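In what follows, a single structure is set out as C-alpha cells and then discussed.
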Amino acid sequence: MDVLVWFRSDLRVSDHPALSRAATLGAVLPVFVADPQDWAAPAASGRHWAFVAAALTELGEDLARLGAPLSLRQGAAAEVLPRLCRARGIRHIVSHRRAWTAPRDAALRRVLEAEGITWEELSEETPGLAPPERLTPVEGAVAGLIPPARSLGLKDDPCPFAQGGGRRAGLQLLESFVTGRGTQAPVGSLSPLAGERSSLRLSAFLTWGLLSQAELRAALPGALPPEVVKAVTARLNARRRAGQLEGGAQPAAPLTAALAAFSEGRSGLPFADALMRYLRATGWVNAHARSLLASVALHHLGAEFSATGQMLARLLSDYDPAIFWFQLQKVAAARPLDPLRAGETFDPEGRFIRRWCPELAAVPQAHLHRPWRWSGAGSVLGRRYPEPLADPQKALREAAALHRLRLRDETEFAVIEDPRPFLFSPRAPNAQLTLDL
Numbered sequence: 001m002d003v004l005v006w007f008r009s010d011l012r013v014s015d016h017p018a019l020s021r022a023a024t025l026g027a028v029l030p031v032f033v034a035d036p037q038d039w040a041a042p043a044a045s046g047r048h049w050a051f052v053a054a055a056l057t058e059l060g061e062d063l064a065r066l067g068a069p070l071s072l073r074q075g076a077a078a079e080v081l082p083r084l085c086r087a088r089g090i091r092h093i094v095s096h097r098r099a100w101t102a103p104r105d106a107a108l109r110r111v112l113e114a115e116g117i118t119w120e121e122l123s124e125e126t127p128g129l130a131p132p133e134r135l136t137p138v139e140g141a142v143a144g145l146i147p148p149a150r151s152l153g154l155k156d157d158p159c160p161f162a163q164g165g166g167r168r169a170g171l172q173l174l175e176s177f178v179t180g181r182g183t184q185a186p187v188g189s190l191s192p193l194a195g196e197r198s199s200l201r202l203s204a205f206l207t208w209g210l211l212s213q214a215e216l217r218a219a220l221p222g223a224l225p226p227e228v229v230k231a232v233t234a235r236l237n238a239r240r241r242a243g244q245l246e247g248g249a250q251p252a253a254p255l256t257a258a259l260a261a262f263s264e265g266r267s268g269l270p271f272a273d274a275l276m277r278y279l280r281a282t283g284w285v286n287a288h289a290r291s292l293l294a295s296v297a298l299h300h301l302g303a304e305f306s307a308t309g310q311m312l313a314r315l316l317s318d319y320d321p322a323i324f325w326f327q328l329q330k331v332a333a334a335r336p337l338d339p340l341r342a343g344e345t346f347d348p349e350g351r352f353i354r355r356w357c358p359e360l361a362a363v364p365q366a367h368l369h370r371p372w373r374w375s376g377a378g379s380v381l382g383r384r385y386p387e388p389l390a391d392p393q394k395a396l397r398e399a400a401a402l403h404r405l406r407l408r409d410e411t412e413f414a415v416i417e418d419p420r421p422f423l424f425s426p427r428a429p430n431a432q433l434t435l436d437l
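Residues 1 to 437 (UniProt numbering) make up the sequence shown, in order.
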C-alpha cells in the first residue's frame, strides 16, 4: 500500500513514529504543505518561515538519502493532500497529531473521508516503532521547490543574529550544552548576559520538530550535574502540560502607537528596551525576559492582550501557539513585574543596556536604569532616546492595584477575563513544545 506521510511541525526523520509506521505499510510519499492559512495568521512572520525553510532543506536531504524525496507543495492542505492522493492512487495518510489545529484538522478529515482516504494520526511519543533504514518511494513523485516568504504573503523580517535552522545546528547546540554550557551556569539564568550560555536555546528546534522531546531527554543524563538535569526536565514537563491546549483562530489586532514603539525597543525603559532590541535581532530571549516584556506591554502600557501576543509571537522564532498563548495568559493574570528593578538586579553594571541602547552612552552608571533622574537627561531624553511612554512607578502601582482587585475574594488562580484571545480545551499531548529556557 502506498502511503502519504504529512510532515507538519515534525521536520526530522529520526524518532519520527509517523514515518516509521508508513515505512512498514509500503511505498512512502513524504509531503510538506506550505498552507497560506498558516502563514497568513497575524502571529506568523518572515523569521518563522526562514527557520522552517532551512529545516526543509535538510529534511529533504535526509529523506533523499533514505530513498524517498520530500514533495513540497504550496496551497490549502484540504486541496493539496486530496489532489496528491488522487494523482498517485494513495488511499492512506499518516501524520502526527497536532493539538492547536484540531478544529481545522476535523474539517480536513471530513474532506479526506469523502474521497475515500483514511488519515491515521499518531502521537509523537508512540513507542515501539523502529526508524526506517530505507524508504521505498512512490513512483512519479515530484520534489517541488521551497516557496519564498513573499509568495506566502510574509514581509521582509530582518533578524541578523537569528539561530540557524536545520537539525544539525540543533544537534550542535544540544552537544555544546551537554558537554560544556550546561555545566558552567545555572539553567536559564535570569541574567541576559549569561542567558545565551546557560540556556539550551533549543526552543525553535523543538517547536518545529527538528529535535524531539525524547531525544532531548535521552541526551540530558551523563556529564550534566543532577540539578541541571532536574531543572531542564521540570521545564520540559511544564511545557508538556501547556502543550495539551488547543488554540482557535484569532483576528489581527492593530498596534497602538505605544505598543509599536515598544516593539522597536523605544519605550523609554532602558532594560526593557535592551531586551526588546535583543529579541528583534536574535528571535530569542529566555523565559524570564519574555515574561518581563509581556508584563511591561500589558501592565505598564495597558496594551490589548491579542495585540501584545501577536507582536511578541512575530518576533519569537520559536513561536508555538499551543504554548505561547497559555503562557501569556499566566503573565496577564500574574502580579506586574517591575522592569526597573529587574534591570538593576540582573544587569547591575548596565553592560547589557549599553550594548543594545548605545544612545545612553553618555548617561552615568548611577542613573543608567533611570536616566530621567540624571541632571543631564535633557541632552539625551526626547532627542536620541525617548522619554518613558508611561511613568514607570505610577504604571506599576496602578497595575498592581488592578491585580489585587482582580484577585480579591478569589480562592483559585484566575485566568484573564479577556475572551478575545485563544480559547483553550484539553487535547492530547503535543511533543513539539516550546522550551524557552
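Beta carbons: idealized from backbone N, C-alpha and C, even for Gly.
Computed from a predicted model, the values in this text were never measured in an experiment.
Go ahead and label residue i buried or exposed: buried means 16 or more other beta carbons lie within 10 angstroms of its beta carbon, across all protein chains shown.
i           : result
residue 331 : buried
residue 447 : Absent from the model: residue 447. The displayed extent of the chain is 1 to 437, so no value can be given.
residue 444 : It is not possible to answer for residue 444, since the shown part of the chain is limited to 1 through 437.
residue 206 : buried
residue 3   : buried
residue 221 : exposed
residue 142 : exposed
residue 414 : Because the pLDDT at residue 414 is just 36, under 50, the model does not fix this residue reliably, and the value given afterwards should be weighed accordingly. Answer is exposed; the Cβ neighbour count stays below 16.
residue 391 : exposed
residue 393 : exposed
residue 280 : buried
residue 397 : exposed
residue 12  : buried
residue 172 : exposed
residue 113 : exposed
residue 349 : exposed
residue 1   : exposed
residue 86  : exposed
residue 195 : buried
residue 365 : exposed
residue 161 : exposed
residue 106 : exposed
residue 118 : exposed
residue 24  : exposed
residue 181 : buried
residue 151 : exposed
If I follow the unbroken alpha helix (DSSP H) through residue i, where does it start and stop?
i           : result
residue 329 : 321-333
residue 117 : Residue 117 -> no alpha helix (DSSP H), and no H or E assigned at all.
residue 263 : 257-263
residue 71  : Segment 71-74 is the beta strand (DSSP E) holding residue 71; no alpha helix (DSSP H) there.
residue 463 : Look at the range of the chain in this structure, 1 to 437, and you will see that residue 463 is not part of it.
residue 129 : It is not in any alpha helix (DSSP H) - residue 129 carries neither H nor E in the DSSP assignment.
residue 12  : First-last for residue 12: undefined, no H or E at that position.
residue 292 : 287-295
residue 62  : 46-66
residue 305 : 305-315
residue 207 : 203-207
residue 270 : 270-282
residue 82  : 77-88
residue 177 : 167-179
Can you tell me the Cβ-Cβ gap for residue i and residue j, rounded? I've got them flagged as a contact below 8 Å.
i           : j           : result
residue 346 : residue 191 : 5 Å
residue 36  : residue 153 : 7 Å
residue 9   : residue 165 : Wrong, their Cβ atoms sit about 13 Å apart, outside the cutoff.
residue 283 : residue 316 : 6 Å
residue 385 : residue 357 : 7 Å
residue 271 : residue 342 : 6 Å
Return the chain-ordered list of same chain residues with a C-beta closer than 8 Å to the C-beta of residue i, the five sequence neighbours on each side being excluded.
i           : result
residue 137 : 27, 28, 29, 67, 68, 69
residue 328 : 294, 305, 308, 309, 312, 421
residue 20  : 129, 130, 131, 132
residue 354 : 360, 361, 368
Where do the N-terminal and C-terminal ends of the beta strand (DSSP E) with residue i fall, by residue?
i           : result
residue 92  : 92-96
residue 29  : 28-34
residue 145 : Premise fails: residue 145 is in no beta strand (DSSP E) and is neither H nor E.
Here's a check: name, in chain order, each residue in its chain whose Cβ is nearer than 7 Å to the Cβ of residue i, leaving out the five neighbours to either side.
i           : result
residue 463 : Here the chain has residues from 1 to 437 only, and residue 463 is not among them.
residue 381 : 371, 372, 387
residue 411 : Confidence in residue 411 is poor, its pLDDT being 40 and thus under 50, which makes the residue's placement unreliable; the coordinate value appears in the next sentence. Around residue 411: no qualifying Cβ.
residue 170 : 202, 205, 210, 211
residue 363 : 371, 374, 380
Here's a check: name, in chain order, each residue in its chain whose Cβ is nearer than 6 Å to the Cβ of residue i, leaving out the five neighbours to either side.
i           : result
residue 352 : 192, 193, 274
residue 53  : 146
residue 22  : 3, 5, 28, 94
residue 82  : 115
residue 265 : 273, 276, 277
residue 215 : 15
residue 78  : 108, 111
Exercise. With a cut-off of 8 Å, do at least 3 Cβ pairs link the segment 296-304 to the segment 361-379?
Worked result: no
Exercise. Touching or not, the segment 332-342 and the segment 389-408, by the rule of three or more beta carbon pairs under 8 Å?
Worked result: yes
Exercise. If we count Cβ pairs, one from each stretch, closer than 8 Å, do we get three or more for the segment 251-268 versus the segment 309-317?
Worked result: yes
Problem set entry | the segment 43-58 contacting the segment 145-162, beta-carbon criterion three pairs below 8 Å | The segment 43-58 makes contact with the segment 145-162, as at least three CB pairs between them are under 8 Å.
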